[in-house]
Amino acid sequence: GESGINIASKEFIEGLRKLCNEKDMLLIFDEIQCGLGRTGKVFAYQYYNVEPDILTLAKSLGGGLPIGALIAKEKVASSFKPGDHGTTFGGNPVACAAAIAYLKVLQQENLIAKCQEKGEYFKKKLEELKEKYPKYIKEIRVLGLMVGLEIKKDGPDVVKKCLEKGVLINCTAGNVLRFLPPLIVKEEEIDYLIGVLDKIFKKI
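Listed below in structure tokens is the structure:
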């Protein structure tokens, strides 16, 4: 996310697992941004033939309330004893209730499959924009609704112009526009964003 939505190759992830196995090290995946449906699967690691030893979650898990979670394989989890791992606000009942509600909605409303569909739609619209403005758009990177648009211009300037049009986006790595819409985003909302970007690139 922070480096500009760079999607790791299968070879890289499998190489990490192999290295960790060889050196008897733990493989830890941080899925705080990309976990719980954001990429079109429950966990982003499911795109690879690899399982981590430890997985971290937060952000979307609480449906807007602050919460974090650590998931570990049995061989790791069994090494923890009561008191080994403590947090000041861990186990907050309200945040935990929100997390349970979020997980239910995720399943009941089939949001993960819809995320995959919306991501494909988003990608198609960005590709159309790239065909129109190849001078300004370098690369499109999409995994579900985790979307990066690498541009050949100053990213923060485009972010500012989008905000003026009522669209809140982010820029990472200096020139990558990062889009992380909610999983319930509508196609019309994606169209509105594309329209805003179209107007911005037209005036550059």
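Sequential numbering from 47 applies to the sequence shown in the working numbering. Heads up, the beta-carbon is just placed ideally off N, CA and C, and yes, glycines get one too.
Under DSSP, the beta strand (DSSP E) around arginine 224 begins and ends at which residues?
Against the sequence shown, residue 224 aligns to sequence position 178. Element bounds for arginine 224: 222-225.
Sheet register partners of glutamate 196 (DSSP bridge)
The sequence position of residue 196 within the sequence shown is 150, counting from 1. According to DSSP, glutamate 196 bridges with Glu185, Val222.
So, are the CB atoms of glutamate 77 and leucine 103 less than 8 Å apart?
Here residue 77 corresponds to residue number 31 of the sequence shown, with the count starting at 1. Here residue 103 corresponds to residue number 57 of the sequence shown, with the count starting at 1. Closer than 8 Å, so yes.
Distance, glycine 50 Cα to valine 222 Cα
On the sequence shown, position 176 is the one that residue 222 refers to. On the sequence shown, position 4 is the one that residue 50 refers to. Valine 222 and glycine 50: Cα-Cα distance of roughly 6 Å.
Thinking lysine 184 and glutamate 196 are a contact (beta carbons under 8 Å), I'd like their distance in whole angstroms, please.
By one-based count along the sequence shown, residue 184 stands at place 138. By one-based count along the sequence shown, residue 196 stands at place 150. That belief holds up - the Cβ atoms of lysine 184 and glutamate 196 are roughly 4 Å apart, short of 8 Å.
In or out: serine 55 buried (at least 16 other Cβ within 10 Å) or exposed?
Within the sequence shown, residue 55 is the residue found at index 9, counting from 1. It counts as exposed.
Give me the DSSP bridge partner(s) of aspartate 76.
Position 30 of the sequence shown, counted from the first residue, corresponds to residue 76. According to DSSP, which records beta bridges pairwise, aspartate 76 is partnered with Thr102.
Return the CA-CA distance between histidine 131 and serine 125, expressed in angstroms with no decimal places.
Within the sequence shown, residue 131 is the residue found at index 85, counting from 1. Within the sequence shown, residue 125 is the residue found at index 79, counting from 1. One C-alpha to the other measures close to 11 Å.
Proline 227: buried (16+ other C-beta within 10 angstroms of its C-beta) or exposed?
If you number the sequence shown from 1, residue 227 lands on position 181. Buried.
How many angstroms separate the CA atom of aspartate 298 from the CA atom of aspartate 99?
What the structure shows of the chain is the stretch from 47 to 250, and residue 298 is not part of that stretch, so it cannot be assessed.
Report yes if the CB atom of valine 88 is closer than 8 Å to the CB atom of isoleucine 59, and no otherwise.
As a working note, residue 88 is residue 42 in the sequence shown. As a working note, residue 59 is residue 13 in the sequence shown. Taking 8 Å as the Cβ cut-off, valine 88 and isoleucine 59 do not qualify as a contacting pair.
For the putative contact between arginine 224 and glycine 47, defined by C-beta atoms under 8 Å, what is the C-beta separation to the nearest angstrom?
Within the sequence shown, numbered from 1, the residue matching residue 224 stands at position 178. Within the sequence shown, numbered from 1, the residue matching residue 47 stands at position 1. Rounded, the Cβ-Cβ distance is 7 Å, consistent with contact.
Taking one C-beta from the region 166-176 and one from the region 230-247 each time, how about it: are there three or more such pairs within less than 8 Å?
yes
Across which residues does DSSP place alanine 115 in a beta bridge pair?
Residue numbering aside, residue 115 sits at position 69 when the sequence shown is read from its first letter. For alanine 115, which the question treats as bridged, DSSP gives the partners Leu103.
To the nearest angstrom, how far is the alpha carbon of lysine 249 from that of leucine 149?
By 1-based counting over the sequence shown, the position of residue 249 is 203. By 1-based counting over the sequence shown, the position of residue 149 is 103. Lysine 249 and leucine 149: Cα-Cα distance of roughly 43 Å.
Lysine 199 and valine 242 - do their beta-carbons sit closer together than 8 Å?
In the sequence shown, counting from the first residue as 1, residue 242 sits at position 196. In the sequence shown, counting from the first residue as 1, residue 199 sits at position 153. Taking 8 Å as the Cβ cut-off, valine 242 and lysine 199 do not qualify as a contacting pair.
Would you tell me roughly how many angstroms separate the C-alpha atoms of isoleucine 74 and valine 122, rounded to the nearest one?
Residue 74 sits at position 28 when you count from the first residue of the sequence shown. Residue 122 sits at position 76 when you count from the first residue of the sequence shown. About 11 Å.
Answer with buried or exposed for valine 140, where buried requires no fewer than 16 other C-beta atoms within 10 angstroms of its C-beta.
Residue numbering aside, residue 140 sits at position 94 when the sequence shown is read from its first letter. That one is exposed.
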